[in-house]
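Residue numbers (the numbering used here), protein chains in the order written: chain A, -16 to 201; chain B, 243 to 497; chain C, 92 to 727.
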C-alpha cells in the first residue's frame, strides 16, 4: 500500500489532504455556528443546548477526536506545504508583484490560517477547557457572555473571525479547484457560494462578540 | 514613429555566474516609445560593448511571443505589466517618463540562474520527456479524419496546447509551482481521443518528475493564469488533479 | 569541379519514390543500434528526423543551441501546412499540389523532389493528428482547411494562428519519447561550429558548449543538418534573433556545395520598421489576405489618413493587376507589387508601407466573424503598433522571410559531402525560386519523418561507413581551427560592435540584394561586403572571454559567416541573368513589369563550390522537366 502514502505525499496529494480536511472543517463550522447562535436565545435556551450536548457526551467525544485529528492534519500539512513552498524559491524577488496578479484572500491563506490557529488555542483554553474540565456544573451562558465583556477577548475574537472569513473565502473555492471540479458552467457559482458561505460565517460568528460587548446581551 | 523619447531608470540584475552573488546595476536610458523592451536592452548592450564592458546576458529568440525563450520579471511581474504578452512583445509606450523599472531573472529553485537574467529551465523539458507525448511511431497511424473530434473539444485542447513553455507561471507563483505548465500538456492529451491509452501513466510520470525537481505545490492563487502570456487557464490544473486522482485509483502502478 | 549527381530514380514521376524505397538497401533491425547518427537542429525537420530515427533503433545524438528543443524557429510559423488530402472536394490531388508548388517555385526546383513532397504530404497530416496536434475542426468533428496564396483550392490545415508551434511541439514530443527511451541523447545549448570530414565523408561535428565555452567533439556514422535558413544575413528579417547560417556555412567551407543562394523570399505582410534600433521584423500571417484587401492611394505623396482617402482614389493594385488570384497572389509577386507602389511614391502616408484593409470584410461579415478568424493577429498588431486594425487599416511592408537556397542535396538529401545529409530550410531542394505559403512546414516534416529515415538507412547499409573516434587527428585539427577562430575574434578588440557591422551588412543586402536587383547594384554590393568583411576582422569588438556564456561571441561568429555568405548571395544573383520567383533582376522584366525567366540558359541549379574566402566555382545541375510544361507563371 506504499502507493497510497506516496500519492498523498505528492504535490497534488498534499493539496488533496488540505482540501478534504478543509471541507470537513467547513462543515463543522456550520454546526458550531448553529450552536453559538443559540446564545441569542438567552440564558435558558443556551444552557439547555449545553445540557443536550452533555447527554450525548460519548458521541461528542468521538467527534472531537476526529475533529482534532482533522485539525492537526490540516495545520500540520498546511505548515509543511508552506515550508516546502518557501524552499521552492530560496531567493525572493526584490519587487513583489503579487498584488497585481492575485487576490489578498489567496495570497494570505497561510497567515490568516496561522492567526486563526493562535486564536483557536486561546479559544480552547477559555471556553472549551472550562466546558469540559472544570468539574462542577457551570452556568456556561454566563461564563461565555462574561468573556465577551472583556474588550481584548472580544476584539481578538472579532479579528480572528474576520480573518477566518478571508481564509474561508479562499479555501472554499480552492477546495473545489483541488478536487478538480472547475467547470466553466459551475465554477463561477461555486466561487460565489464560497463568498456567501464566508460572509455568513464571518457575520454569524462576528456578531456575537459585538452584540455581547456593546449591548451586554441585554 | 514619434521622435519623442522617454527617460527611464533601469535597475537590472547582474550576476556573473550561478555561484556568485548578484546585485542590481543602474542604467539611465532615453528610449523611443515604439521600441520594444528587449530592443531597449539591445541598445544598452550596444553601448556597453562600445565601452568594452560586458553586455547584459538575457535570452530571446523569435521576438514575437511564441518561442518562449524570453522571460524577465519586470517590476515583480513575469513578462511585465501588460497581460497576455511575452516580454518580447512589451513595448515602451506602456511606461511613463521618469519611471524606475526593476528587471530580475525568474527566481525558483528549479530554475537556477546561469548568468545575469538567464536561467536554466531544463527541468521543464525533463518533465515533458517523462510522459508529455503520445506513443505513436512514424507512419503507423490512421487517416487524419478517422477519428472525428468535436470542434469544442479540439478547441479546448488547443487552448491548453498554446503553452509556450516560457516558465512565467513558475516565476509568478509564490510557490514556484509548475502546475500550470504540466497541466497544460496533461489536459491537451486528456481531452483528445489520441491521448486516452496513456492517459493515467502520463499524468503519474509527469507529476513524479515535477515533484523531483523541487517545484512548489499549487495554492490556487491563480497568479500563473494572470501572468501566462497565452492565458492558459487554471481549469487545466483542476483537470490534472482529477486525472491524477483517477490515475491513482485506476492505474496498475503500485509504485 | 564537383560531380553533381542528383540520383533521381528512373521511372515515371508517380512511381519514382515508391520504386526507390523498394530498391534501397535496408539495415537489419538488430544492427541499427550499432549506428550513431548526429542531427543538428531540432526544428521541424530535425526533431522529426530524430524521432523517426530513434524509433527505428539508431543511436541518435541531437544538438540544438537553444535551452530547449522546443524553441526552434519553426515554432513561429503561423498560417498552416499544405496537404493534398482533398477533404474539401475542390479538385485537389497530389499532382495539383505538385504542380502548384513547382509553378509557385517558378520552375526552378527538381521535379522528382517536389512530387515526392506532394506525395508524402498526406502522411504528415495523419502523423500529426495521431500525435495529438489539435488542428482546427469543423462542427462534424473533421479537419478544417483554409486557402493560401498561389493556390485555388483549400488545402491548408491549421491550428489557429499557431500551426508551426503545434507541429513543432508534436515533433518535439515524439523526440522526447525517444529521449525517455534512451534512444536519443539530447545536447542543448551546443552550437555547431564545424563538421569533421575524414576521407571525403562526414564523421562528426565540433560544437561550442554555450555555457562553459568548451569546444566539444562528437562522432557518428552520418550527420544530418537541419539548421534552417539564412535570412538573417539581411539583419532585419522575420527569422528569430539566433537563426543563423553557421552550421551550413561551415559545412559549405568543408566541401558541401551551396545551391541557389540568391533565392530568398521576401514576405509581403510584415509590420513596417519603427526605428533605428529595431531588432527584427514581425510577420503577420498570410492568411490575413483571405479577407484583407491591399491598397495604396492613387496619388503620389498622399499624406492623408487612410480613412480620409475616398474609395475612388484607392488603388487595390493586386486585384487590379492579378484579377484571378487578387490579394492571394504568391508572395514574391505581392511583395514586388508593394515595392513598386512605394518606389512610385505612393506608400502609406509617405512611409515604406501599404494598407491591408479589413473594412469591407467587417461590413460584409461583421466584426465578430473577423475577430474569430484573426482576433489574435489583430491583437498582436495592436500590441506592437498601438493602432487598432478594426478602426483603421493595417500598415504592412515586405520583409526577408525564408531562404529557398541552401546546401545542395541529391534526391536522397545527401550533400556533396558523403554522409552529410541536409533537411528542411537548410537544403535547397523543393521550393525553387519561390516558396508558397504553408509549404515550409510541409517540407520540414516530409524530410524528417518520411525521407531521411529511409535514405540514411540506404547510406548506412550501402556505403557501410565506419565510425571514426573523436581522438582522430582530423577531429583535433578541426577543433584547433575552431578554437583559433574564437581566439582571433576575441583578440581584435576594435571599435565597432558586432550588431553595428551586422546592421551595415543588412542595409547593403536589403538595398542591393533585396527585392529588386541589378548588375550595378550587385557588383557594388560584392565590393562593399568585401570591404566590410575586412573591417570586421580588423575592427570588431567582441567583449568577454571564451570560457563563459558569451552572447557577443556567439553573434560575432555568426556575423563572420554572413559576411562571406552575403557575397555569395550577390554573386549568385549577378550570375543568374534572368528573373524568377524571389530573384528579380530589374534588367529582365516584361513590359508590364513581370519577371522574365530565361529557360533556355538558366534552367539549372547553381551549386557553388567553395574555393577560398570570396572565391567560388559554379557547378550547374540542369533541371529537366518531363511531366510539366515550362510556362510563364501567370496569376492574372
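For glycine and all other residues, C-beta sits at the position ideal for the given N, C-alpha and C.
Can you pull the DSSP bridge partners for residue i?
| i | result |
| --- | --- |
| residue 486 (chain C) | C:446 |
| residue 361 (chain C) | C:374 and C:488 |
| residue 464 (chain C) | The partner list for residue 464 (chain C) (beta bridge, DSSP) is empty, contrary to what the question assumes. |
| residue 674 (chain C) | C:671 |
| residue 699 (chain C) | C:349 and C:709 |
| residue 252 (chain B) | B:269 and B:343 |
| residue 382 (chain C) | Paired residues: none, contrary to the question. |
| residue 130 (chain C) | C:153 and C:315 |
| residue 237 (chain C) | C:247 |
| residue 287 (chain C) | C:295 |
List the residues of chain B whose Cβ lies closer than 7 Å to the Cβ of residue i, in chain order.
| i | result |
| --- | --- |
| residue 73 (chain A) | 351 |
| residue 270 (chain C) | 371 |
Count the other CB atoms, across all protein chains shown, that sit within 10 Å of the CB of residue i; report buried if there are 16 or more and exposed otherwise.
| i | result |
| --- | --- |
| residue 106 (chain C) | exposed |
| residue 23 (chain A) | exposed |
| residue 154 (chain A) | buried |
| residue 55 (chain C) | Residue 55 (chain C) lies beyond the residue range present for chain C, which begins at 92 and ends at 727; the question has no answer from this structure. |
| residue 198 (chain A) | exposed |
| residue 66 (chain A) | exposed |
| residue 465 (chain C) | buried |
| residue 333 (chain B) | buried |
| residue 243 (chain B) | Reliability fails at residue 243 (chain B), whose pLDDT of 45 lies under 50, so the model's placement of it is uncertain and the value that follows must be treated cautiously. Residue 243 (chain B) is exposed by the Cβ-count criterion. |
| residue 92 (chain C) | exposed |
| residue 286 (chain C) | buried |
| residue 620 (chain C) | buried |
Does DSSP put residue i in a helix, in a strand, or in coil?
| i | result |
| --- | --- |
| residue 249 (chain C) | coil |
| residue 164 (chain C) | helix |
| residue 281 (chain C) | strand |
| residue 204 (chain C) | helix |
| residue 103 (chain C) | coil |
| residue 646 (chain C) | helix |
| residue 243 (chain B) | Low confidence applies to residue 243 (chain B): its pLDDT is 45, below 50, so where it sits in the model is not reliable, and the reading given next is rough at best. Note: residue 243 (chain B) maps to coil in three-state DSSP. |
| residue 156 (chain C) | coil |
| residue 357 (chain B) | strand |
| residue -4 (chain A) | helix |
| residue 295 (chain C) | strand |
| residue 355 (chain C) | strand |
| residue 340 (chain C) | helix |
| residue 429 (chain C) | helix |
| residue 306 (chain C) | strand |
| residue 481 (chain B) | helix |
| residue 228 (chain C) | strand |
| residue 289 (chain B) | helix |
| residue 400 (chain C) | coil |
Please list, in chain order, the chain B residues whose beta carbon lies closer than 8 Å to that of residue i.
| i | result |
| --- | --- |
| residue 90 (chain A) | 416 and 463 |
| residue 86 (chain C) | Chain C is shown from 92 up to 727; residue 86 (chain C) falls before or after that span and cannot be answered. |
| residue 79 (chain A) | 318 |
Mind pulling the chain A residues with CB within less than 8 Å of residue i?
| i | result |
| --- | --- |
| residue 341 (chain B) | The contacting residues do not exist; residue 341 (chain B) stays about 13 Å from chain A at best. |
| residue 453 (chain B) | -7 and -6 |
| residue 409 (chain B) | Under the 8 Å cutoff, chain A gives no residues; its nearest Cβ is about 13 Å from residue 409 (chain B). |
What does residue i touch in chain B if you count any residue whose Cβ is under 9 Å from its own?
| i | result |
| --- | --- |
| residue 26 (chain A) | Neighbours of residue 26 (chain A) on chain B: none; closest Cβ ~43 Å, over 9 Å. |
| residue -3 (chain A) | 459 |
| residue 162 (chain A) | 480, 483, 484 and 487 |
Who are the neighbours of residue i on chain C, taking C-beta pairs under 9 Å?
| i | result |
| --- | --- |
| residue 363 (chain B) | 158 and 159 |
Note down, in chain order, every chain C residue with its Cβ under 7 Å from the Cβ of residue i.
| i | result |
| --- | --- |
| residue 306 (chain B) | 167 and 373 |
Every unbroken alpha helix (DSSP H) inside the segment 542 to 567 of chain C [4 residues or more]:
543 to 554
For the segment 298 to 346 of chain B, list the beta strand (DSSP E) runs that are entirely contained and at least 3 residues long, ordered along the chain.
342 to 346
Inside the segment 90 to 147 of chain A only - alpha helix (DSSP H) runs reaching at least 4 residues:
92 to 106, 112 to 116 and 123 to 130
Going residue by residue through the segment 477 to 542 of chain C, where are the continuous alpha helix (DSSP H) segments of at least 4 residues, counting only ones entirely within it?
531 to 536
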